[in-house]
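2 protein chains.
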Amino acid sequence: MPLVVQKYGGSSLADADSIKRVARRIVDTRKAGNRVCVVVSAMGDTTDELLDLADAVSPDPPERELDMLLTAGERMSMALVSMAIANLGDSARSFTGSQAGVITDDVHGRARIIDVTPGRITEALDAGHIVIVAGFQGVSQNTKEITTLGRGGSDTTAVALAAALKADVCEIYTDVDGIFTADPRIVPTARKIDRITNEEMQEMAASGAKVLMLRCVEYARRFGMPIHVRSSFSHREGTWVYETQGEDDVEAPIIAGVAHDRSEAKITVVGVSDSPGQAASIFKAIAEQQINIDMIVQNVSAIATGRTDVSFTLPKTDGQRAVRVLQSVKAELGFEQLQYDDQIGKLSLVGSGMRSHPGVSATLFQALADSGINIEMISTSEIRVSVVTRDDQLDNAVRAVHTAFGLDAADGEAVVYGGSGR
Amino acid sequence: MPLVVQKYGGSSLADADSIKRVARRIVDTRKAGNRVCVVVSAMGDTTDELLDLADAVSPDPPERELDMLLTAGERMSMALVSMAIANLGDSARSFTGSQAGVITDDVHGRARIIDVTPGRITEALDAGHIVIVAGFQGVSQNTKEITTLGRGGSDTTAVALAAALKADVCEIYTDVDGIFTADPRIVPTARKIDRITNEEMQEMAASGAKVLMLRCVEYARRFGMPIHVRSSFSHREGTWVYETQGEDDVEAPIIAGVAHDRSEAKITVVGVSDSPGQAASIFKAIAEQQINIDMIVQNVSAIATGRTDVSFTLPKTDGQRAVRVLQSVKAELGFEQLQYDDQIGKLSLVGSGMRSHPGVSATLFQALADSGINIEMISTSEIRVSVVTRDDQLDNAVRAVHTAFGLDAADGEAVVYGGSGR
């Protein structure tokens, strides 16, 4: 009998009625002849309410205790979903992350799954039960402490369990119809993507696409687990995130979509001595603070001064900390000044067709130029081109690029990028 | 270093401010030179809110899932108390019932503790942490399922942990000052009891006194663990529930207090054939339904008919079920009719001095007679006399008896029962 792993997010479990609706969908999946293992998030606003409570007793709660508190959220929703299923006459058993064998490292608040030993889940499935598992949580391998996985943790739980159980598919239910060619709030003509490769999805997620978190996609890619992202509010097919078997799918569109990201800031280190090791020293100081940087640009140095400017982007949330670090080593590094800019936006064009179709970058730059949008930084991967613009020009940029690559045509999937020689 | 186990109930943990107040008290206990292990209930109305949620998704939720849901309540409060302690600069570690080694039988909703293996607790205490444990919950020995202990479960957790840890005292914090000679809502002159024996407390709890649940007292008595019942809203001494070392304390008052109970109903089986085995058949039918009965009275049979009436009391919640059972075996048992009466009240006078002071019953009956209160049933133990009255006369009865035994005198403890010859 096929095994389906489903994951329902908090917006699909907002209240008792939503829970009953989700229970009905789970029972239907079971009745269609599947074994079903379901991963649930906390109900609607529960996590925020728990965080408010924590904040009310302590401005800086210990992470171990915060994990203990937050894991109560999924515990409630998993029990309620099980009850709602029982009320429909089917039989369900709920399990915490720890009971489900979700083994993590020891890092509270953002633990990584290092193993899944789903013995109790398999047993319950074999006994004919529907299984409900608390997402977002696990138990640490060494200290046996309760951990949480951080943002997107429930999706990761679902994919990890699906892989461990050798499920046929992992269905991620959310409140939108799937992955879109761009954020529909910015591009009203954005289309739902029917199929996207794991590799493309990984670049989209890393570039700011919000529906699937990067780590979940990475996990699915590592284990070759197909994901079906779909709405819990309809029965339409959503987006299939699939594993390419070596060769690219020749039928696939060249461009998968346009992602955008407003979460980064830019720091420019002005007047760095253009001698070997200077850039390394800058980034070593940053790395020592566990701050990840994204794009880096180094200007050609001025011959007269022998000095240059280095710019890089990083999460806004780490911005002030990075500035403080660099100020503290200013004398040592010998630069002239620091500029901090959090009014930037990043646009990323993603598509595995870029490998075989030259000219994508040229079309991208021309589309931005035609819209009067200045490009401040550029970075590329094999299947992605990213540019930094002014924050207030980002929405226009996304729309212009979406149109330039034929993504908002009525039958967009059929539009083949022509390589016009630009 | 002395080890103190404290238990805080939901009314002491109603909101963030209450939690901070409790944390302060815990830290003070630690600073006074104790190791501290704290058992917490769910915050204020949390359990009721969770039950409402369960009810909204299923009228008859599976007990396993209900336990999974309800145990989220203590999980939240224990994490929040730990955070509040950390915020005061001390270090706390919270543990679920399962993590704390509270091993129970397999009965969901009203599991019994069968063992406590507090390895992780001892380790955390030895490492210098304050330990916070979720009350009311455990893990079943055979099935490794999460269980709850039912009413008064957190008190029982505290006493069981105190016994397993060989604590010096188990402090039960509540919203009243201790155990009273009668319910102060009925007897405004009721006094706080300073010291009461375990045996007396057990009779008080079994007779309807609400502050400590019977099973918790039984557990404390079995392990000889002294309990200090006190208010979390003051620093006054509360009531010590202590273990007598064989001999009765000669300084102790003869009468400990007056308990009352409105939770029972009376069933009278009319016209039972007064032949051997008839009463046994009645109570066998009841017992087969797992219904506990309390008092039993059999009238002297009428010589003319050779028939008699048998009356017994039982929890109101089981009343209708017991009536149905008896109706179903009416032909077999050959009685004439059933009378069901849920307008009764029970008054119990408890005191280990009864053993050595005759005349207590006589004084009790006279006090009731003087107040015009009719006695419908009587039962006694070595240190208790209980009578059944009309429900609407019960409050008057409690006040009359409380006065008759000098319990509401200003210096009541010094009043010695005189045995006036009545």
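Respectively, the protein sequence lines represent chains L and E. Heads up, the first sequence is in the UniProt record's numbering, so the first residue is 1 and it goes up one at a time. Heads up, the second sequence is in the UniProt record's numbering, so the first residue is 1 and it goes up one at a time. Just so you know, even glycine gets a beta-carbon here, dropped at the ideal spot from N, CA and C.
Using a beta-carbon distance cut-off of less than 7 Å, what residues from the segment 109 to 125 of chain L approach chain E?
-> Considering only beta carbons, no part of the segment 109 to 125 of chain L lies closer than 7 Å to chain E.
Assuming Ala84/E and Lys20/E form a contact by the criterion Cβ under 8 Å, report the distance between their Cβ atoms to the nearest whole angstrom.
-> Counted from its first residue, the second sequence places residue 84/E at position 84. Counted from its first residue, the second sequence places residue 20/E at position 20. With a Cβ gap of about 5 Å, Ala84/E and Lys20/E count as contacting.
Whole beta strand (DSSP E) runs in the segment 147 to 202 of chain E with 3 or more residues, listed along the chain?
-> For the segment 147 to 202 of chain E, whole beta strand (DSSP E) runs of length 3 or above, ordered along the chain, are 169 to 174, 195 to 197.
Mapping DSSP to helix, strand and coil, what is Gln320/E?
-> Here residue 320/E is taken as the residue at index 320 of the second sequence, counted from 1. In this structure, Gln320/E counts as helix in the three-state DSSP scheme.
Hey, does Ser58/L have any beta-carbon neighbour from chain E nearer than 8 Å?
-> Taking the first sequence and counting its residues from 1, the one referred to as residue 58/L is at position 58. Yes, Ser58/L counts as interfacial toward chain E.
By the criterion of Cβ-Cβ separation under 9 Å, what are the contact partners of Ile19/L in chain E?
-> Counting from 1 along the first sequence, the entry for residue 19/L is found at position 19. Leu53, Ala56, Val57, listed in chain order.
Going along chain L in order, which residues have a C-beta closer than 8 Å to the C-beta of Arg75/E?
-> On the second sequence, position 75 is the one that residue 75/E refers to. Simply Met68, Leu69, Thr71, Ala72, Arg75.
Grab the span of the beta strand (DSSP E) containing Met68/E for me, first residue to last.
-> Translated into the one-based positions of the second sequence, residue 68/E becomes position 68. It is not in any beta strand (DSSP E) - Met68/E instead sits in the alpha helix (DSSP H) that spans 63 to 87.
Beta-ladder partner(s) of Ile286/E, from DSSP | In the second sequence, counting from the first residue as 1, residue 286/E sits at position 286. Per DSSP, none; premise fails for Ile286/E.
Using a Cβ-Cβ cut-off of 7 Å (strictly less than) and excluding sequence neighbours within five positions of Gly153/E, which residues of its own chain qualify?
-> On the second sequence, position 153 is the one that residue 153/E refers to. Closer than 7 Å at the Cβ level, and outside the excluded window around Gly153/E, lie Gly135, Phe136.
Quick one: what's Tyr340/E bridged to in DSSP?
-> Here residue 340/E is taken as the residue at index 340 of the second sequence, counted from 1. Its beta-bridge partners are Ile267/E.
Hey, would you say Leu349/E sits closer than 8 Å to Arg384/E, going by beta carbons?
-> By 1-based counting over the second sequence, the position of residue 349/E is 349. By 1-based counting over the second sequence, the position of residue 384/E is 384. In contact: Leu349/E and Arg384/E (Cβ atoms closer than 8 Å).
Specify the secondary structure class of Met204/E as computed by DSSP and reduced to three states.
-> Within the second sequence, the letter at position 204 stands for residue 204/E. Note: Met204/E maps to helix in three-state DSSP.
Using the DSSP secondary-structure output, state which residues sit across from Gly345/E in a beta bridge.
-> Numbered from its first residue, the second sequence carries residue 345/E at position 345. Answer by DSSP bridge pairing, in chain order: Thr389/E.
Can you tell me which of the three DSSP states His260/L falls into?
-> The residue labelled residue 260/L in the question sits at position 260 within the first sequence. His260/L falls in the strand class under three-state DSSP.
If we ignore side chains and look at the alpha-carbon of each, how far apart do Val38/E and Leu3/E end up?
-> By one-based count along the second sequence, residue 38/E stands at place 38. By one-based count along the second sequence, residue 3/E stands at place 3. Their backbone Cα atoms lie some 11 Å apart in a straight line.
Span of the alpha helix (DSSP H) around Gly119/L = Counting from 1 along the first sequence, the entry for residue 119/L is found at position 119. Start and end: 119 to 126.
Those residues which DSSP pairs with Tyr8/E across a bridge = Residue 8/E sits at position 8 when you count from the first residue of the second sequence. Tyr8/E pairs with Val40/E, Tyr173/E.
Output yes if chain L places a C-beta closer than 8 Å to the C-beta of Met83/E; else output no.
-> Reading the second sequence from its first residue, position 83 is the one you call residue 83/E. Yes - at least one Cβ of chain L is within 8 Å of the one on Met83/E.
Enumerate in chain order the residues of its own chain whose CB-to-CB distance from Ser94/E is below 7 Å, with the five nearest sequence positions on each side excluded.
-> Mapped onto the second sequence, residue 94/E falls at position 94. These residues qualify, in order along the chain: Met78, Ala79, Ser82, Ile132.
Measure the C-alpha to C-alpha separation of Arg120/E and Arg324/L and round it to an integer number of angstroms.
-> Walking along the second sequence from the start, residue 120/E turns up at place 120. Walking along the first sequence from the start, residue 324/L turns up at place 324. Distance between the alpha carbons of Arg120/E and Arg324/L: 41 Å.
Just the Cα atoms here: how many angstroms apart are Asp105/L and Thr156/E?
-> Here residue 105/L refers to the residue found at position 105 when the first sequence is read from its first residue. Here residue 156/E refers to the residue found at position 156 when the second sequence is read from its first residue. C-alpha separation (whole angstroms): 35 Å.
Residues of chain E with a CB under 8 Å from the CB of Thr87/L: which are they?
-> The sequence position of residue 87/L within the first sequence is 87, counting from 1. Note that residue 87/L corresponds to Asn in the displayed sequence, not to Thr. Here the neighbours are Val57, Ser58, Pro59, Asp60, Pro61.
What first and last residue would you give for the alpha helix (DSSP H) that runs through Gln366/L?
-> As a first step, residue 366/L must be located in the first sequence, where it is residue number 366. Looking at the DSSP string, the run of the alpha helix (DSSP H) that includes Gln366/L is 360 to 370.
Beta carbon of Val5/L, beta carbon of Glu200/L: below 8 Å?
-> Numbered from its first residue, the first sequence carries residue 5/L at position 5. Numbered from its first residue, the first sequence carries residue 200/L at position 200. No, they are not a contact pair.
Residue from Val57/L, Thr244/L, Gly89/L, Ile113/L with nearest C-alpha to Val27/L = For this step, residue 27/L is matched to residue 27 along the first sequence. For Val27/L, the nearest C-alpha among the options comes from Gly89/L.
From the DSSP output, in three-state form, read off Thr380/E for me.
-> If you number the second sequence from 1, residue 380/E lands on position 380. If DSSP states are grouped into helix, strand and coil, Thr380/E belongs with the strands.
Does Ser94/E come within less than 8 Å of chain L when only Cβ atoms are used?
-> Reading the second sequence from its first residue, position 94 is the one you call residue 94/E. Yes, its Cβ sits closer than 8 Å to a Cβ of chain L.
Using a Cβ-Cβ cut-off of 8 Å (strictly less than) and excluding sequence neighbours within five positions of Ala86/E, which residues of its own chain qualify?
-> For the purposes of this step, residue 86/E is taken as residue 86 along the second sequence, with counting starting at 1. Same-chain partners within the cutoff: Ala92.
Using a Cβ cut-off of 8 Å (strictly closer), state whether Ala16/E contacts chain L.
-> To locate residue 16/E, count along the second sequence from 1; it is residue 16. With 8 Å as the cut-off, Ala16/E counts as an interface residue toward chain L.
In the structure shown, what three-state DSSP assignment does Ser356/E receive?
-> As a position in the second sequence, residue 356/E is number 356, starting the count at 1. Ser356/E: coil per DSSP, three-state reduction.
Counting only beta-carbon atoms, is Leu80/L nearer than 8 Å to chain E?
-> Sequence index remark: in the first sequence, residue 80/L carries index 80 (1-based). Chain E contact via Cβ: present.
By Cβ distance, which residues of its chain are closer than 8 Å to Asp408/E, with the 5 residues on each side in sequence left out?
-> Locating residue 408/E in the second sequence gives position 408, counting from the first residue. Around Asp408/E: Thr181, Val187, Thr189, Ala190, Arg191, His402.
Which chain L residues sit within Cβ distance under 8 Å of Leu50/E?
-> Sequence index remark: in the second sequence, residue 50/E carries index 50 (1-based). The contacting residues are Met76.
Nearest to Gln99/L by CA position, among Ile113/E, Asp60/E, Glu145/E, is which residue?
-> For the purposes of this step, residue 99/L is identified with residue 99 of the first sequence, where counting begins at 1. Among Ile113/E, Asp60/E, Glu145/E, the Cα nearest to that of Gln99/L is on Glu145/E.
Cα-Cα separation, Ala162/E to Asp67/L | If you number the second sequence from 1, residue 162/E lands on position 162. If you number the first sequence from 1, residue 67/L lands on position 67. If I take the Cα positions, the gap works out to 27 Å.
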